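J.: 189 is the number that this note's numbering gives to position 127 of the first sequence; each next residue is one higher, with no gaps. Even for Gly, the Cβ is constructed at its ideal location relative to N, Cα and C. Since we're looking at a predicted model, the values are computed, not measured.
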Amino acid sequence: MAIQAVRGMKDLLPTEAAKWRFIEGAAREVFAAFGFGEIRVPVLERTELFARSIGEATDIVEKEMYTFSDRSGDSLTLRPEATAGVLRAYIENKLHGQPGPHKLFTIGPMFRHERPQKGRLRQFHQLDVEVLDDAGPLVDAELLVMLTQLLTRLGLRNVKLMVNSLGCPDCRPNFRAALIDFLDAKRESLCEDCRRRLDVNPLRVLDCKSEACQQAVEGAPSIQDHLCPGCRQHFDELRRLLALAGVDHAVNPRLVRGLDYYVRTTFEAVAGDLGAQNAVAGGGRYDGLVERLGGPAQACIGFGAGIERLALLIDDRPEWRAGPDLFLAAIGPQARDWAFAQAQDLRAHGVWVEMSGEDKSLKAQMRRADKLGAARVLVLGESELAAGTANVKDMLGQGEQRPLSLSDLGRALFPRHYNQ
RNA sequence: GUGGCUGUAGCUCAGUUGGUUAGAGCGCCAGGUUGUGGCCCUGGAGGCCGUGGGUUCGAGUCCCAUCAGCCACCCCA
Numbered sequence: 063m064a065i066q067a068v069r070g071m072k073d074l075l076p077t078e079a080a081k082w083r084f085i086e087g088a089a090r091e092v093f094a095a096f097g098f099g100e101i102r103v104p105v106l107e108r109t110e111l112f113a114r115s116i117g118e119a120t121d122i123v124e125k126e127m128y129t130f131s132d133r134s135g136d137s138l139t140l141r142p143e144a145t146a147g148v149l150r151a152y153i154e155n156k157l158h159g160q161p162g163p164h165k166l167f168t169i170g171p172m173f174r175h176e177r178p179q180k181g182r183l184r185q186f187h188q189l190d191v192e193v194l195d196d197a198g199p200l201v202d203a204e205l206l207v208m209l210t211q212l213l214t215r216l217g218l219r220n221v222k223l224m225v226n227s228l229g230c231p232d233c234r235p236n237f238r239a240a241l242i243d244f245l246d247a248k249r250e251s252l253c254e255d256c257r258r259r260l261d262v263n264p265l266r267v268l269d270c271k272s273e274a275c276q277q278a279v280e281g282a283p284s285i286q287d288h289l290c291p292g293c294r295q296h297f298d299e300l301r302r303l304l305a306l307a308g309v310d311h312a313v314n315p316r317l318v319r320g321l322d323y324y325v326r327t328t329f330e331a332v333a334g335d336l337g338a339q340n341a342v343a344g345g346g347r348y349d350g351l352v353e354r355l356g357g358p359a360q361a362c363i364g365f366g367a368g369i370e371r372l373a374l375l376i377d378d379r380p381e382w383r384a385g386p387d388l389f390l391a392a393i394g395p396q397a398r399d400w401a402f403a404q405a406q407d408l409r410a411h412g413v414w415v416e417m418s419g420e421d422k423s424l425k426a427q428m429r430r431a432d433k434l435g436a437a438r439v440l441v442l443g444e445s446e447l448a449a450g451t452a453n454v455k456d457m458l459g460q461g462e463q464r465p466l467s468l469s470d471l472g473r474a475l476f477p478r479h480y481n482q
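1) Just the C-alpha distance for proline 163 and glycine 292, rounded to the nearest angstrom, thanks.
2) Within its chain, find whatever has a CB closer than 7 Å to the CB of leucine 140; leave out the 5 residues flanking it on each side and keep chain order.
3) Under DSSP, the alpha helix (DSSP H) around arginine 371 begins and ends at which residues?
4) How many angstroms separate the CA atom of arginine 379 from the CA atom of asparagine 220?
5) Can you tell me whether glutamine 463 is helix, strand or coil according to DSSP?
6) Glycine 368 to methionine 417, Cα distance in whole Å?
7) With a threshold of 16 other CB atoms inside 10 Å of the CB of isoleucine 285, please say whether the residue is buried or exposed.
8) Of the residues Ala474, His411, Ala410, which one's Cα is nearest the Cα of leucine 440?
9) Could you tell me the alpha carbon to alpha carbon distance between alanine 67 and proline 178, rounded to whole angstroms?
10) Output yes or no for whether 8 Å exceeds the beta carbon distance between leucine 336 and glycine 181.
11) Considering leucine 194, what are the terminal residues of the beta strand (DSSP E) in which it resides?
12) Kindly indicate the opening and closing residues of the alpha helix (DSSP H) around alanine 80.
13) Quick check: the stretch 66–85 against the stretch 192–211, are there 3 or more CB pairs under 8 Å?
14) Could you check how far apart the C-beta atoms of methionine 208 and valine 92 are, in whole angstroms? I think they sit under 8 Å.
15) Using the Cα positions of leucine 138 and alanine 113, report the straight-line distance between them to the nearest angstrom.
16) Let me know the secondary structure DSSP gives alanine 48 once reduced to three states.
17) Check whether the Cβ atoms of arginine 326 and arginine 294 lie closer than 8 Å to each other.
18) From the DSSP secondary-structure annotation, give me the bridge partner or partners of asparagine 226.
19) Hey, could you find the ends of the beta strand (DSSP E) glycine 456 is sitting in?
20) Rounding to the nearest angstrom, what Cα-Cα distance links aspartate 298 and leucine 252 in this structure?
21) Buried or exposed for alanine 391, going by 16 or more other Cβ atoms inside 10 Å?
22) Buried or exposed for glutamate 100, going by 16 or more other Cβ atoms inside 10 Å?
23) Buried or exposed: which applies to aspartate 195, given that a residue is buried once 16 or more other Cβ atoms fall within 10 Å of its Cβ?
24) Can you find the residues in the same chain that come closer than 8 Å, C-beta to C-beta, to glycine 350, ignoring five residues on each side of it along the sequence?
25) Kindly identify the DSSP beta-bridge partner or partners of arginine 478.
26) Could you check if leucine 300 is buried or exposed, using at least 16 other CB atoms within 10 Å of its CB as the buried criterion?
27) Determine the DSSP secondary structure at proline 199, reduced to helix, strand or coil.
28) Out of Ile242, Phe402, Leu289, Cys290, which has the shortest C-alpha to C-alpha gap to valine 267?
29) Taking only three categories from DSSP, how would you classify tyrosine 348?
30) Three-state secondary structure (DSSP) at glycine 356?
31) Which ranges does the beta strand (DSSP E) cover as unbroken runs of at least 3 residues, wholly within the stretch 210–285, from first to last along the chain?
32) DSSP three-state call for histidine 164: helix, strand or coil?
33) When the Cα of leucine 468 is compared with those of Met457, His288, Ser445, Gly461, which residue comes out closest?
34) Going by Cα to Cα distance, which pick from Asp190, Glu124, Glu118 is closest to leucine 149?
35) Our contact map puts histidine 311 next to leucine 304 with C-beta atoms below 8 Å; I'd like the distance itself, whole angstroms only.
36) What are the start and end residues of the alpha helix (DSSP H) that includes threonine 109?
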């Protein structure tokens, strides 16, 4: 029995990888325009880092992390998200000593032991963006503009941006208390999960999918009515700036986040045609986190976007399947030797060349060239070799052929490649 | 972690109430003029019917277990 990939871990084949390069390339360009620098951090961190940042009581930390002891007995964890590691690196390398704000992005795999389904894998990949040491609503707005530009660049329509404010340590407790008061009276009509949530994380009851809960939640107090003046002003300013930048969005007072560290601005980009796992990007402000991880008190904001989920929304493009620039169809040992040597020279100039690895009939070689999607084929036999001239066939059009001197083939066919 | 559906050729799938050598389309290979692809025709290769047990004279078809995939719950990107 052949060995299979670990559950929830997927191979990325060349065609799919091309799509990923497109996504990552677009992200790099957009992020660069907003002044973000790349940071690469380890995939393994000390378990404690995530317990402290994400929150002990979250599902992620409680039951979804890949945690193990290494050979020296340290408890390590494959990162379930990127922010904690980036902040650790930020603090450890004392980047906070430099004048801020610091804009960082990273791209890579995350790991969560969940049951796989559409848009959800155990190893998945995120584009992750963080702005450190900036409290203002202007950065919040810029981050959302950047996300919007990225989605546009990727050709994604039918993605909705939802924003909310979660309040801060000053005002959230009030809201929380009001919410618990309200829900407690309806405890009986809540689903089993939500009765548990009521004690652990009452905000989550708000976005429960069960109909009973949706009804019960009808008329519940809204965080939007409980924001303290500071949070209120922050949120209003954010919305004003979003309007100025022309960013379409909706305020969703029930939008909550699964990680404990979020405060104030939170947001989520939701794709209409993705099924149940429809959040394609999500993030928010985490002002107290750097301090909690042992750094200075600095306000920060960031978001993560799921590459797999973005990829599900993007159709293949023909340019990702482009074929060789030239196929060398050689007949006979001498022609094959010449073609072999010529191929290496063309490649040294950056031309994509293919030739048949075996001594096949010309017909077979032509078929091969066609299958590969070669733009042109050079037909080369003993007589052409002797004459120093061979036909080049255009495979993309009607198949016209024209004779070409073999002595400066590369320069004649690919002047751009040869003139630099 | 819970529930439902699915697992037959490289891919997409047929496979009658359990009954001989398991099929199709696409793809692949070769040929259809001696040195020219795409369309067409002919031939060919390729399956421990996910895996392990069981029932039966006989299992791709039935039962159990297991693994994997999909979808949903949950959670989230």
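T.: According to the structure data:
1) 21 Å
2) Val105, Leu106, Tyr128, Phe173
3) Segment 369–375, the alpha helix (DSSP H) holding arginine 371.
4) C-alpha separation (whole angstroms): 19 Å.
5) strand
6) 39 Å
7) Counting Cβ neighbours within 10 Å, isoleucine 285 comes out buried, since at least 16 surround it.
8) Ala474
9) 13 Å
10) Less than 8 Å separates the beta-carbon of leucine 336 from that of glycine 181.
11) 185–194
12) For alanine 80, the enclosing alpha helix (DSSP H) has its first and last residue at 76–95.
13) no
14) 6 Å
15) 11 Å
16) Limits of the chain in this structure are 63 at one end and 482 at the other, which puts residue 48 out of reach.
17) A distance of 8 Å or more separates the beta carbons of arginine 326 and arginine 294.
18) Thr328
19) For the record, residue 456 in the displayed sequence is aspartate; it is not glycine. Segment 451–456, the beta strand (DSSP E) holding aspartate 456.
20) 33 Å
21) buried
22) exposed
23) buried
24) Result list for glycine 350: Pro231, Tyr323, Val325, Ala359, in chain order.
25) Looking at the DSSP assignment, arginine 478 forms no beta bridge with any residue, so it has no partner.
26) buried
27) helix
28) Ile242
29) Annotated three-state conformation of tyrosine 348 is coil, per DSSP.
30) coil
31) List check, beta strand (DSSP E) in window: 221–227.
32) Three-state DSSP puts histidine 164 in a strand.
33) Ser445
34) Asp190
35) 6 Å
36) 109–116
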